[in-house]
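J.: One structure follows; several queries about it will come next.
Given below as structure tokens:
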């Protein structure tokens, strides 16, 4: 994030490195999130008041599988974009190799658990009203 | 290179944009973690509804406004970064681009914030 603001990384000559891919991924996922995250926020906080978005509201929306796909895309994109951003932050501030590994391990573990929890939430939600 | 120097470059506007991008991204990620947990309560509809009502109180509404500003800044500044990456000449106008980012964040954030706070402004909730 730092260096790219003023100095784009060198163009990959042959095979793009892992970091070049990570750089490209942040641009692509970021642009997609611009759509997914802002539409999601507008629906749940601006068009509808937050207290209206209760269980029945979710049930009505998730009755349509397209919204489940939309929300799952948002979940996966936001978690991976955030995870990669946090990985950069950890590399910037946690300099001892052992601690760096420990913090990243914790971060990856937590993110993986939440990705699973979020996916289960969307998948097991009943399609019939309660 | 000391730790403080390692994340500082050239100072001024670009440095503030970098700090803002990092802090807003970090805060949105923290909210995302919390949000995945609260949505997982859908498994228990009544518990979900009870917990969800909390988001309607004034403190958490202010928190939502904060989330909106973090999201907007991160989005617009992200576009600024992409613009500079793909059109390197844009770096000459990067300071003006940052001003546009801040202006757009306020332009979208203030009306959005008013909508979120409306029940409080109307005096319906405390």
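Chains as they are written, first to last, in the numbering used here: chain A, 995 to 1124; chain B, 3 to 128. Beta carbons are placed, not taken as given, at the ideal position from N, Cα and C, and that holds for glycine. Only a predicted model underlies this, so the values are computations on that prediction, with no experimental measurement involved.
(1) Counting only Cβ pairs nearer than 9 Å, list the residues of chain A close to residue 55 (chain B).
(2) Taking CB distances under 8 Å as the criterion, tell me whether residue 51 (chain B) reaches chain A.
(3) Need the endpoints of the alpha helix (DSSP H) that residue 30 (chain B) sits in, please.
(4) Closer than 8 Å, Cβ to any Cβ of chain B: which residues of the segment 1103-1117 of chain A, in chain order?
(5) So, helix, strand or coil for residue 1122 (chain A), using DSSP?
(6) Mind listing which residues of the segment 1078-1103 of chain A have their C-beta closer than 9 Å to chain B's C-betas, in chain order?
(7) With a CB to CB cut of under 6 Å and the five nearest residues on each side skipped, what residues in its chain are close to residue 995 (chain A)?
(8) Taking 7 Å as the limit between beta carbons, can you name the residues of its chain near residue 115 (chain B), skipping five residues before and five after?
(9) For residue 57 (chain B) and residue 36 (chain B), what's the separation of their Cα atoms in angstroms?
(10) Below 7 Å on C-beta distance, what does residue 1052 (chain A) contact in chain B?
(11) Quick one: Cα of residue 1028 (chain A) to Cα of residue 1102 (chain A), how far?
(12) Going by alpha carbons, who is nearest to residue 80 (chain B) out of B:23, B:16, B:15?
(13) Take residue 106 (chain B) and list the residues in its own chain whose beta-carbon comes closer than 6 Å to its own, dropping the five residues that flank it on each side.
(14) Among residues of its own chain, excluding the 5 on either side of residue 97 (chain B), which ones have a beta-carbon nearer than 6 Å to its beta-carbon?
(15) Do the segment 1090-1097 of chain A and the segment 24-32 of chain B meet, that is, are 3 or more Cβ pairs less than 8 Å apart?
(16) Going along chain B, which residues have a C-beta under 9 Å from residue 1119 (chain A)?
(17) Which value, in whole angstroms, describes the spacing of the CA atoms of residue 122 (chain B) and residue 45 (chain B)?
(18) Does any residue of chain B bring its CB to less than 8 Å from the CB of residue 1071 (chain A)?
(19) What is the DSSP secondary structure of residue 98 (chain B), counted as helix, strand or coil?
(20) What is the rounded straight-line gap between the Cα of residue 1056 (chain A) and the Cα of residue 108 (chain B)?
(21) For residue 1047 (chain A), which option in B:76, B:18, B:100, B:41 has the closest C-alpha, if you only look at C-alpha atoms?
T.: According to the structure data:
(1) 1045, 1048
(2) yes
(3) 14-42
(4) 1104, 1108, 1111, 1112, 1114, 1115
(5) coil
(6) 1079, 1080, 1082, 1083, 1086, 1087, 1089
(7) With a pLDDT of 49 at residue 995 (chain A), under the threshold of 50, the modelled position of that residue is not reliable, and no figure is offered here.
(8) 67, 70
(9) 12 Å
(10) 44
(11) 24 Å
(12) B:23
(13) 78
(14) 15
(15) no
(16) 44, 45
(17) 30 Å
(18) no
(19) helix
(20) 33 Å
(21) B:41
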